[in-house]
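Visitor: Got a structure here, written out as structure tokens. Questions coming.
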Amino acid sequence: MATNNINIKNRRATFDYEIVETFTAGIVLTGTEIKSLRQGRAGLTDTYCLRENGELWVKNMYIAEYSMGSYNNHSTHRDRKLLLTKKEIGRIGKASEQPGYSVVPLRVFINERGLAKMVIAIARGKKMFDKRQSIKEREDKRAMDRMFKR
Numbered sequence: 008m009a010t011n012n013i014n015i016k017n018r019r020a021t022f023d024y025e026i027v028e029t030f031t032a033g034i035v036l037t038g039t040e041i042k043s044l045r046q047g048r049a050g051l052t053d054t055y056c057l058r059e060n061g062e063l064w065v066k067n068m069y070i071a072e073y074s075m076g077s078y079n080n081h082s083t084h085r086d087r088k089l090l091l092t093k094k095e096i097g098r099i100g101k102a103s104e105q106p107g108y109s110v111v112p113l114r115v116f117i118n119e120r121g122l123a124k125m126v127i128a129i130a131r132g133k134k135m136f137d138k139r140q141s142i143k144e145r146e147d148k149r150a151m152d153r154m155f156k157r
């Protein structure tokens, strides 16, 4: 099987949140969803995870309709189940119940076996001054890189 380089990132997540702990979870997808995902037609903007009845669900994840799909095509923003162990779901559930903590998807990728995986994180929301600090650190790093390239 050829190597897939599908790597869809949630770029806002590291700007809006401070990452505490990460997990890799499988995603339950339909046939047209995985085909569309392999074409790289997905997005994680405004996506979040929620624990319901001992299961973890990803909400508002966008996967475009498959172009060759017929009447069997999927809904673009449907809820999708994440596959984790009970222990991991329990730990994520406890952390998300604490004030200021959220469960945020960071990226979606296809592993070497051809399975869709999602990296999720327990994250703490940043305050405005934390975001300004992140911007300052990023600009300083760019300036240092420019100086050393000369």
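Numbering (the working numbering), first residue to last: 8 to 157. For each residue, glycine too, the CB sits at the ideal point set by N, CA and C. Keep in mind that this is a model prediction, so the values were computed, not measured.
1) In chain order, what residues of the same chain have a beta carbon less than 8 Å from the beta carbon of Leu122, not counting five sequence neighbours either side?
2) How many Å lie between Leu91 and Val111 at the Cα?
3) Pick helix, strand or coil for Lys124, following the three-state DSSP scheme.
4) Take Asn17 and list the residues in its own chain whose beta-carbon comes closer than 6 Å to its own, dropping the five residues that flank it on each side.
5) Name the two residues that bound the continuous alpha helix (DSSP H) containing Ile117.
6) Of all the alpha helix (DSSP H) runs that stay within the bounds of the region 15–88, which reach a length of 4 or more residues?
7) Could you check where the alpha helix (DSSP H) with Gln140 kicks off and where it finishes?
8) With DSSP as the reference, label Ile129 as helix, strand or coil.
Guide: For this structure:
1) Gly33
2) 15 Å
3) strand
4) Leu51, Pro112 and Leu113
5) Ile117 -> not in any alpha helix (DSSP H); beta strand (DSSP E) instead, spanning Tyr108 to Ile117.
6) 18–23 and 38–45
7) Met135 to Lys156
8) strand
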